[in-house]
Amino acid sequence: MEPAGYEISKRKATRTLIKAISRTRDETIALGEKLARRMKKGVVVALIGDLGAGKTVLVKGIAKGLGVTDTRYVNSPSFVIVKEHRGRIPLYHFDIYRLEGPASLETIGYDEYFYGNGVTIIEWADKIKGLLPKRHIEVRFSIRDDGSREIKIKGL
Ligand SMILES: Nc1ncnc2c1ncn2[C@@H]1O[C@H](COP(=O)(O)OP(=O)(O)OP(=O)(O)O)[C@@H](O)[C@H]1O
Ligand SMILES: [Mg+2]
């Protein structure tokens with residue numbers, strides 16, 4: 001019989017890992033639309049990557065895929081931490097770049113969103129790792145030397 005730990009790592013190894021290269025903004029939008037097709041209510045998506053890496057662009061694509069009709073309003077809000085968009089499934093878009101610490105998320109009742117009836121997407125999610133539900137989708141962006149973006153997706 002195999003030790004219990006073996007099973008766990010085996011399961012981990014079979015978790016989907018998607019690696020995509022996006023050369024343009026439109027390619028990132030298209031990727032977001034495609035990912036949205038696999039998202040159901042209750043999904044939490046953690047976006048991690050530097051300033052200007054393309055996190056908000058991906059959120060626009062996901063919003064489009066979730067049936068948000070006007071994605072012009074999907075942008076990083078300066079004064080609010082979360083914005084809600086109505087689509088086939090509601091989309092809760094967090095940008096916590098300016099957040100002081102996890103405590104300020106607790107005061108806005110983040111769990112109503114994370115464990116609610118929509119898709120939650122969080123830019124700069126690495127700042128609140130401890131608050132993320134165990135089951136979440138992680139998207140990591142990096143800007144490559146030629147300006148294209150490498151986008152790695154885990155847990156979809
Ligand atoms: N392949 C690409 N994918 C996405 N955006 C790209 C790509 N190539 C160039 N860009 C440009 O990079 C910028 C990405 O901006 P975006 O607001 O999405 O970044 P962000 O990760 O949300 O940054 P911030 O941390 O400031 O919120 C846009 O101006 C976009 O046009
Ligand atoms: Mg952004």
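Numbering-wise (my numbering), the sequence shown opens with residue 1 and increments by one.
A virtual CB, placed ideally from N, CA and C, is assigned to each residue, including glycine.
Hey, how far is the Cα of G61 from the Cα of E33?
Their backbone Cα atoms lie some 5 Å apart in a straight line.
Given T120 as reference, the closest of L31, R72, E84 once Cα atoms are compared
The residue with the shortest Cα to Cα distance from T120 is E84.
How about K55: is its Cβ closer than 8 Å to a heavy atom in ligand 1?
The answer is yes for K55.
Between which two residues does the alpha helix (DSSP H) holding T28 run?
Unbroken alpha helix (DSSP H) run through T28: 25-36.
Cβ-based burial, A103 [other Cβ within 10 Å; buried from 16]
By the 10 Å Cβ count, A103 comes out exposed.
If you follow the alpha helix (DSSP H) that V57 is part of, which residue opens it and which one closes it?
Unbroken alpha helix (DSSP H) run through V57: 55-65.
Taking the beta strand (DSSP E) that S76 falls in, what are its first and last residues?
Element bounds for S76: n/a, residue is neither H nor E.
Sequence-distant residues of the same chain with beta carbon closer than 6 Å to K19, five excluded per side:
Excluding residues within five positions, the ones whose Cβ falls inside 6 Å are K152.
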